[in-house]
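Taking our numbering as reference, the numbering of the sequence shown is continuous, increasing by one, and the terminal residue is 452. Report on the structure given below.
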Amino acid sequence: MRSRCSPAVAVTATICLLLVEAGTGQNTTRITLDQAIDLALAHNHSIKATRTLILQNQDQEITANLRPNPTLGVDTQFVPFFSPQYFSSDNLNQTQQFDIGVGYLFERGHKRQRRLQAARDQTAVTRAQVADAERTLAFNVGQQFVSVLLAESTLQFAMEDLKGFQQTVDISETQLKAGYIGEGDYLKIKLQLLQFQTDVSSARLARVQALVGLRELLGYDAVPADFDVMGDLAYQPLQANLETLQARALRDRPDFRAAQLGVTAAKSQILLAKANAKVDVNGTYDFTHVSGENTASIFANFELPIFNRNQGEILRTNHALTQAEEQQQAASDTVLSDVSDAYEALRSNDEVVQLYMSGYLKQAQDSRDISEYAYKRGAASLLDYLDSERSYRATQLAYRQALASYMTALEQLKQAMGARNLP
């Protein structure tokens with residue numbers, strides 16, 4: 030009988046592939062899931078571009094904290110441009126007038142402090158939004174990583190199956206020459222070999238495409254072209270209950286935190302709108318020289334808040350606060366729903382995996398091995414043998430797909446919780 034990996038044991042796809050395809054050896058860069066996520070967070074250009082939003086907001090904090098610039102005014106009057114004969118030191122001192130003044134806008138209502146706080150609160154919201162983008166990226170990497178594991182496991186199984194069935198073809202050829210089987214049966218077996226070869230080619234292509242997709246998420250400059258992954262298609266039972274997961278999600282989800290910070294930012298905008306309603310004072314100090322005398326003047330002017338008291342902006346920001354509070358509640362509902370959906374999807378996939386592990390895998394392998402043994406000894410028909418072979422392959426591939434779906438559901442639950450690891 031053919032030697033096969035135990036179907037109930039997690040498949041270490043990468044190691045098997047490196048042994049089978051040889052040539053890469055120890056020179057191949059292999060990364061784990063955690064390493065892949067770290068590389069993506071460090072090198073993915075989309076997330077790097079998104080992080081610049083934080084820097085832009087910090088720059089806006091600088092702008093918000095700036096004080097008004099002082100003004101400088103200079104003028105001269107009664108200059109005899111059209112009577113140059115009057116240009117003299119006496120005319121300059123006794124007739125012409127010179128003024129120089131410095132003015133400054135005195136902001137009232139703590140406008141600068143309110144602007145700065147509003148800008149800082151918006152930066153905090155942006156930080157949380159960037160963290161949420163990182164959460165999405167981590168899920169995409171995890172999902173693609175599982176796809177690579179599935180592709181490599183499928184390729185390994187396809188190559189093992191091809192090698193085993195090739196032995197069957199060789200034995201059948203010997204039996205044909207010895208007269209134990211007819212040429213028709215031999216040709217049916219030989220034609221069946223094409224399906225195994227096609228499976229290997231398809232699995233190899235799927236692996237290459239999965240690795241390319243993963244490299245795109247990581248950043249092409251993050252890993253070499255011949256990199257590989259290191260990990261297992263494995264079943265890892267979840268111990269925590271739904272209520273615990275939801276409570277942790279409300280604590281850790283960055284999009285919910287962004288909604289909470291949005292309420293704080295909206296309150297800052299209300300305070301800024303009220304501060305902008307305060308009347309500012311323009312103060313000017315002038316030095317004047319006229320008719321041989323030096324004098325000083327102090328001026329102050331300000332608006333009379335008869336019509337415009339910033340009423341519209343104050344009302345708008347209050348409504349914006351209501352909007353932010355509703356968005357916070359909606360974000361809370363979304364978090365709870367996301368965790369619930371991901372948890373139920375994980376439970377559903379868990380049940381499927383358990384079905385395979387409860388005995389169907391072993392039964393499929395035993396059925397194939399018995400049919401193969403009986404066929405080679407003339408106790409079973411070719412049709413029965415090929416049918417058991419197809420059932421075995423279908424069961425093995427479905428089991429691997431079930432494991433991949435379960436692991437993807439785990440990544441989905443991590444995303445729903447906003448966590449890298451589950452409790």
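In this text, a Cβ means the ideal position worked out from N, Cα and C, and glycines have one as well.
The region 122 to 129 makes no contact with the region 272 to 292, as fewer than three CB pairs between them are under 8 Å.
Straight-line measurement puts the Cα of residue 433 at about 57 Å from the Cα of residue 304. Following the DSSP letters along the chain, one finds residue 451 in no alpha helix (DSSP H), marked with neither H nor E.
Boundaries of the alpha helix (DSSP H) harbouring residue 381: 340 to 384, taken from the DSSP string. Each residue's CA atom was taken as its position, placing residue 445 and residue 351 some 26 Å apart. Taking 7 Å as the cut-off, the Cβ atoms of residue 292 and residue 342 do not count as close. Linking residue 71 to residue 78 through their CA atoms gives a straight-line distance of about 11 Å. Judged by their CB atoms, residue 421 and residue 397 are nearer to each other than the 7 Å cut-off. Looking at 374, 386, 319, 356, the one whose alpha-carbon comes closest to that of residue 106 is 319. Pairwise C-beta distances place the region 437 to 452 in contact with the region 166 to 179, as three or more of them are shorter than 8 Å. Counted as a single uninterrupted DSSP element, the alpha helix (DSSP H) harbouring residue 72 occupies residues 62 to 72. Counting along the chain, the unbroken beta strand (DSSP E) around residue 133 starts and ends at 126 to 135. Distances from the CA of residue 184 to each of 356, 244, 227, 348 were compared; the closest alpha carbon is that of 227.
Not a single unbroken stretch of the beta strand (DSSP E) spanning 3 or more residues falls wholly within the region 140 to 165. Within the same chain, 428, 431 come within 7 Å of residue 385 by CB-CB distance, once the 5 residues on both sides are set aside.
The DSSP-derived three-state label of residue 282 is coil. With respect to the 7 Å criterion, residue 357 and residue 294 are not classified as neighbours on the basis of their beta carbons.
Here DSSP, grouped into helix, strand and coil, assigns residue 333 to coil.
Taking residue 66 as reference, the option from 130, 114, 244, 83 with the minimal CA-CA separation is 244.
Between the region 266 to 276 and the region 88 to 95 there are fewer than three inter-stretch CB-CB distances shorter than 8 Å, so the stretches are not counted as touching. Rounded to whole angstroms, residue 326 and residue 132 show a C-alpha spacing of 11 Å. Counting the other CB atoms within 10 Å of its CB gives residue 225 a total of 16 or more, which places it among the buried residues. Remark: C-beta atoms of residue 156 and residue 83 approach each other more closely than 7 Å. Within the DSSP bridge table, the entry for residue 314 names 131, 327 as partners. Going by DSSP, residue 106 is part of the beta strand (DSSP E) stretching over 100 to 106.
Remark: C-beta atoms of residue 153 and residue 89 do not approach each other more closely than 7 Å. Taking a contact as a CB-CB distance under 8 Å, the pair residue 313 and residue 328 counts as one, their CB atoms being some 4 Å apart. DSSP places residue 308 in the coil class of the three-state scheme, outside both helix and strand.
Residue pairing for residue 322: DSSP places it in a beta bridge opposite 319. Counting only residues of its own chain and dropping the five nearest sequence neighbours on each side, residue 87 has a CB closer than 7 Å to the CB of 152. In the three-state reduction of the DSSP assignment, residue 80 falls in the helix class, which pools H, G and I. Non-local beta-carbon contacts of residue 417 in its own chain, meaning distances under 7 Å to residues more than five positions away in sequence, involve 396, 397, 400 in chain order. When DSSP states are grouped into helix, strand and coil, residue 59 belongs to the strand group. If you draw a straight line from the Cα of residue 253 to the Cα of residue 208, it comes to about 54 Å.
The residue among 81, 181, 221, 234 with its C-alpha nearest the C-alpha of residue 191 is 221.
In terms of CA proximity to residue 135, 100 leads the group 165, 100, 410, 118.
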